[in-house]
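A.B. asks: Residue numbers (the working numbering), protein chains in the order written: chain A, 553 to 853; chain B, 854 to 1148; chain C, 592 to 896.
From the three backbone atoms N, C-alpha and C, an ideal C-beta is built for every residue, glycine too.
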Amino acid sequence: MKKKTIISLVLGFAALMLVLTGCGNSDSGKDSSSSKSSSGEASGKITAVGSTALQPLVEKAAANFQKENSKVNITVQGGGSGTGLSQVQDKSVTIGNSDIFAEEKDGIDSKKLVDHKVAVVGMAPVINKDVNVKNLTMDQVKQIFTGKITNWKDVGGKDEEITVVNRAEGSGTRATFEAAVLKGEKAVKSQEQDSNGTVQKIVESTPGAISYLAFSYINNKIQAVSIDDVKPTDENVESGKWKIWSYEHMYTNGKADGATAKFLDYMNSKDVQDSLVKDMGYISIHNMKVQKDSKGTVSSK
Amino acid sequence: MNAKKIDHLATGVIYTLVISVIVILIAILGYILFNGVPDISWHFLTSAAQSFSAGGGIRDQLFNSLYLLILTIIVSLPIGLGAGIYLSEYAPNNWTTELIRTSVEVLSSLPSVVVGLFGYLLFVIKLNLGFSILSGAIALTFFNLPLLTRNIEESLRGVPDLQREAGMSLGLSSWKTTTKIVLPAALPGILTGLILSAGRIFGEAAALIYTAGQSAPTVDYTNWNIFSTTSFLNPMRPAETLAVHIWKVNTESVTPDAHLISSASSAVLIIVILIFNLGARFLGNKLYNKITASK
Amino acid sequence: MDDIQKKLQTKSKATFQDYFGKGICYLCIGLIILLVTCILYFIASKGLATFTKNHVRVLDFLTKTNWNPGAIDAKGHPDIGALPMIVTSFSVTLLAAIIATPFALGVAIFMAEFSSKRGTKILQPVIELLVGIPSVVYGFIGLSVIVPFIRNVFGGTGFGILSGTLVLFVMILPTITSLSVDSLKSVPMYYRQASLALGATRWQTIYKVVLRSAIPGILTAIIFGMARAFGEALAVQMVIGNATLMPKNLISPASTLTSKLTTDIGNTVMGTLPNNALWSLALILLLMSLILNMLVKFIGKRGRF
């Protein structure tokens, strides 16, 4: 009799799987109409997908938001900026988190998407400590990343080969860095890593390594480099002296309404901007004295 | 004399290989445990994770890992059993069978991120299951099935035909022979397959990021209503497992004690897997002794 | 008379049980076939789009060494050649399998033929434990132990195929070992008894009888090990350097199909060329593992007896 229960279990699950997979096939032709309702006002279900860098901030803010609005159910997941943008464009998710302007991504119709900038992130070149370089000119950084300078002694460091660690192609961090530093020239083919944590670890342990990181990942085991004697600090980003920075975006498809609008307002409120954003190592959007558009042009606010 | 010398030589080589593997094993396990165990505390095991302040724990992640394991086994074991029985008992020895086998083997080389994205597009979006433990369990089933099926098939094949003939001659149907005689006798091998796949479930990260998700909403451990969104038993809630947590902490976390959390979590993971392995083996052997009347 | 006739003409309970059991098994295998077809179709349709929609020439894709899906070359063709990654994936996988197989077989023989029950009882759970360690942890151990070690011994940055191979070696060891043990154990005992009775030594018995009749199982074990090595990304990408360059030697940074795929896929937009190109990598990966699989099986068939 024991076997019988096992067998019926087998049958049950097999049937279930068959039904599930069957549904998938018949559904695949249609538009996913059911998920559209998630952006509606009454249901109060918000799904935010995208940038892994932004995810912890939104997740924490969502938890706080839900404490006051218990009927709203927010799911925050990672997956990368590209995933976030393409999924919000397809209306599969309510909010697409991105490190990058929608205009900068191929295949995204930016006219349909509404941008909500929620934070500013500053980035700085970082190098292994034993190189003993603390300041570089913008031109030197450019030449290092385009492969024209290959030894640290050419920029005042010790005689050691430069190991360039770049970020993943298409990532927001790399796009920002290349727009601000390389200005259209192509980076040398080199190592690529896609996460801040790994880059931090590699630069820390590889002699002669250089890469770039968001401010919040810079610690005392690696050397952050000043560019043209400007130190990579929050104040310099706010005043526009430090050039390498970008926005963190939350995109909605069309104008946000209902619970989504309320949540995005909350992200922009003092509650979040003055505490959570700072705790995460980001710079509050309210403090910025300059602004950047999608083409990289900086103007004062 | 010569054959004996070769015998000694071969024995020596094998012992050297075994010893070097043992050294590697001890080095890796030692490295992880040595780095992690001092940081494990009751507080660490029983408190919730923190996004960017120190002192977070892994309570939810640990539970999610175990829950996901159970769900995945419930989904994949029956299918694996059925398919394994088919391949070893019923399948004709021709090119179709070979094709099935080959495609299943090829499937297991798919990078987990591909399976994750496939699961994301099919289960999370199209079937509207959302980021949920269930989506994660189904995606993991994709990984498990090849190895599990193959393992079950091999262990069923290992049962001598004598046993089948004995069953048949008693007038049992071949189905009854398979389930009552062959399957119990193959239990130890099946168990190995199960334990290996359980290990993979515990350690998988890339596929789960897109299906089960990488955030763990607060759940209520006193809410036993399986349909409530805050219940810890709800299979439709998003869940971050321990391996995903380790990945997240290592790659994107700004938590000041990220290194500590990562090494302690790895140690916890290993200890949990060890307990699971030993437990499964113990129970399996008990069951084996009971249903095969062997000692 | 009628009674017997009836009994003979209607199907017995056992026959129905058989139908029932067969039904279940066919259902399960059908389900697996469905799953496999689904995922193969999914990858093929996405992966082929690079060639059908974006008009990348297949030959270019397979033989060119420059991977730059964002840009378009002088002739107006997108500039994507996957050769460096194909070469790297192949070499890492083969090397890892070549190193791991003797070790795994040694341990498997020890566990199945030599050891007392106690040795097996301790060794087996520990080896199985290795499967459950997350890739990230392997990656970090590789990054903090193997990469510096290679850097100090062989020079260079330490990132490269060699580091990737060493990490993969440890990762596929348990898979090959456990599956080999099972197939050695399923060799009937009387084979060994017969061989020993003929006066063969233990090694002769193992080498000439047990190993040979266990070959199909061992090959499967190796295939699954290689499959794991092929598909592994998170650990490999941390130690291999992740540079889409043609590997010059074993210690220059390189990139495998999987590591490229995993690094970039979250940053691309579905349906665009960079994204399709990545799916093509997945397709290549499948085809390559199919080829490897066939190759191993072919060798196995020829080497038997």
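Taking 7 angstroms as the cut-off, is the beta-carbon of Pro1037 of chain B closer than that to any non-hydrogen atom of the ligand SAH?
C.D. replies: Among the ligands in the structure shown, none appear at all, so the ligand SAH cannot be discussed.
A.B. asks: Can the beta-carbon of Gly760 of chain A be found less than 8 angstroms from the beta-carbon of Val683 of chain A?
C.D. replies: The answer is yes: Cβ separation under 8 angstroms.
A.B. asks: Rounded to whole angstroms, what is the Cα-Cα separation between Thr604 of chain A and Ile689 of chain C?
C.D. replies: If I take the Cα positions, the gap works out to 37 angstroms.
A.B. asks: Any C-beta of chain A sitting closer than 8 angstroms to the C-beta of Thr863 of chain C?
C.D. replies: Yes, Thr863 of chain C counts as interfacial toward chain A.
A.B. asks: Using 10 angstroms around the beta-carbon of Tyr610 of chain C, count the other beta-carbons present and answer buried if the total reaches 16, otherwise exposed.
C.D. replies: Exposed: under 16 other Cβ atoms inside 10 Å.
A.B. asks: In chain order, which alpha helix (DSSP H) runs of at least 4 residues are fully inside the region 716-795 of chain C?
C.D. replies: If we require 4 residues or more, the alpha helix (DSSP H) runs fully inside the region 716-795 of chain C come out as 726-732, 738-745, 752-776 and 780-788.
A.B. asks: Quick one: grab the DSSP three-state call for Pro669 of chain C.
C.D. replies: Here Pro669 of chain C sits in strand by DSSP.
A.B. asks: Which residue marks the beginning of the beta strand (DSSP E) containing Pro1088 of chain B, and which one marks its end?
C.D. replies: Run containing Pro1088 of chain B: none; DSSP gives neither H nor E here.
A.B. asks: Among A:Glu620, A:Asp786 and A:Thr698, whose alpha-carbon lies nearest the alpha-carbon of Phe729 of chain A?
C.D. replies: Cα-wise, what sits closest to Phe729 of chain A is A:Thr698.
A.B. asks: Below 8 angstroms on the Cβ atoms is my guess for Leu970 of chain B versus Ile856 of chain C; work out the distance and round it to an integer in Å.
C.D. replies: Leu970 of chain B to Ile856 of chain C, Cβ: 7 angstroms. Contact.
A.B. asks: Report the CB separation of Ala788 of chain C from Thr684 of chain C in whole angstroms; it is logged as a contact under 8 angstroms.
C.D. replies: Ala788 of chain C to Thr684 of chain C, Cβ: 42 angstroms. No contact.
A.B. asks: Nearest to Lys657 of chain A by alpha carbon, out of C:Leu876, C:Leu872, C:Met885 and C:Met861?
C.D. replies: Lys657 of chain A has its Cα closest to that of C:Met861, out of C:Leu876, C:Leu872, C:Met885 and C:Met861.
A.B. asks: Compare the C-beta of Phe984 of chain B against all C-beta atoms of chain C and say whether one is closer than 8 angstroms.
C.D. replies: Phe984 of chain B does not count as touching chain C.
A.B. asks: Please report the distance separating the alpha-carbon of Leu1025 of chain B from that of Leu1047 of chain B.
C.D. replies: In a straight line, the C-alpha of Leu1025 of chain B is about 28 angstroms away from that of Leu1047 of chain B.
A.B. asks: Using the DSSP secondary-structure output, state which residues sit across from Gln629 of chain A in a beta bridge.
C.D. replies: In the DSSP output, where bridge partners are listed per residue, Gln629 of chain A has A:Val601.
A.B. asks: Identify the contact partners of Gly755 of chain C in chain B, using a Cβ-Cβ distance below 8 angstroms as the criterion.
C.D. replies: Within chain B, no residue comes near Gly755 of chain C; the closest Cβ sits about 14 angstroms away, beyond 8 angstroms.
A.B. asks: For Ser1068 of chain B, would you say it is in contact with chain A, using Cβ-to-Cβ distances shorter than 8 angstroms as the test?
C.D. replies: It does: the Cβ of Ser1068 of chain B has a partner Cβ on chain A nearer than 8 angstroms.
A.B. asks: Kindly indicate the opening and closing residues of the alpha helix (DSSP H) around Ala863 of chain B.
C.D. replies: From DSSP, the alpha helix (DSSP H) with Ala863 of chain B extends over Asn855 to Gly889.
A.B. asks: Run the CB neighbour count on Arg709 of chain C, radius 10 Å, all protein chains shown included, and call it buried at 16 or more, exposed below.
C.D. replies: Counting Cβ neighbours within 10 Å, Arg709 of chain C comes out exposed, since fewer than 16 surround it.
A.B. asks: Check the Cβ-Cβ distances between Ser747 of chain A and every residue of chain B, and say whether any is below 8 angstroms.
C.D. replies: With 8 angstroms as the cut-off, Ser747 of chain A counts as an interface residue toward chain B.
A.B. asks: Kindly indicate which residue of C:Leu877, C:Asn867, C:Ile875 and C:Asn884 has the alpha-carbon position closest to the one of Lys644 of chain C.
C.D. replies: Comparing Cα-Cα distances from Lys644 of chain C to each of C:Leu877, C:Asn867, C:Ile875 and C:Asn884, the minimum goes to C:Asn867.
A.B. asks: Which same chain residues end up closer than 6 angstroms to Ser578 of chain A when comparing Cβ atoms and leaving out the 5 residues on each side of it in sequence?
C.D. replies: Bear in mind that the predicted position of Ser578 of chain A carries a pLDDT of just 36, short of 50, making it too unreliable to give a figure here.
A.B. asks: Is Thr725 of chain A close to chain B, meaning its C-beta is less than 8 angstroms from at least one C-beta of that chain?
C.D. replies: So no, Thr725 of chain A is outside the interface.
A.B. asks: Starting from Phe1055 of chain B, find everything on chain C with Cβ-Cβ shorter than 9 angstroms and list it in chain order.
C.D. replies: The answer, in chain order, is Val722, Gly723, Ile724 and Pro725.
A.B. asks: Could you tell me which chain A residues have their CB closer than 9 angstroms to the CB of Ile953 of chain B, listed as they occur along the chain?
C.D. replies: Per Cβ cutoff of 9 angstroms: no residues; Ile953 of chain B is ~17 angstroms from chain A at best.
A.B. asks: Within 8 angstroms of any Cβ in chain A, is that where the Cβ of Pro964 of chain B sits?
C.D. replies: False, the Cβ-Cβ gap to chain A never drops below 8 angstroms.
A.B. asks: Mind listing the chain B neighbours of Ser768 of chain A? Cutoff is C-beta to C-beta under 7 angstroms, in chain order.
C.D. replies: Within 7 angstroms Cβ-Cβ: Val1107.
A.B. asks: Which one of C:Ser636, C:Gly638, C:Ala673 and C:Pro669 has the shortest CA to CA distance from Leu653 of chain C?
C.D. replies: With distances taken between Cα atoms, Leu653 of chain C lies closest to C:Ala673.
A.B. asks: What whole-angstrom Cβ distance do Ser754 of chain C and Ile732 of chain C have, given they're in contact under 8 angstroms?
C.D. replies: Wrong, their Cβ atoms sit about 11 angstroms apart, outside the cutoff.
A.B. asks: Taking 8 angstroms as the CB-CB limit, is Ser587 of chain A close to chain B?
C.D. replies: The pLDDT assigned to Ser587 of chain A is 37, lower than 50, so where the model puts this residue is not dependable; a value taken from the coordinates is nonetheless given after this. Output row for Ser587 of chain A: interface = yes.
A.B. asks: May I ask you to list the residues that DSSP assigns as paired with Trp797 of chain A?
C.D. replies: A:Gly674, per the DSSP bridge assignment.
A.B. asks: How many Å lie between Ala732 of chain A and Gly848 of chain A at the Cα?
C.D. replies: Between Ala732 of chain A and Gly848 of chain A, the C-alpha separation is close to 8 angstroms.
A.B. asks: Tell me the DSSP secondary structure of Val645 of chain A in three-state form.
C.D. replies: Residue state, collapsed to three classes: coil.
A.B. asks: Using a Cβ cut-off of 8 angstroms (strictly closer), state whether Val874 of chain B contacts chain C.
C.D. replies: Val874 of chain B counts as touching chain C.
A.B. asks: Between Ser821 of chain A and chain B, is the shortest Cβ-Cβ distance under 8 angstroms, so that the two count as touching?
C.D. replies: Cβ-Cβ to chain B under 8 angstroms: no for Ser821 of chain A.
A.B. asks: Mind checking if Asn1103 of chain B is an interface residue toward chain A, Cβ cutoff 8 angstroms exclusive?
C.D. replies: So, interface residue.
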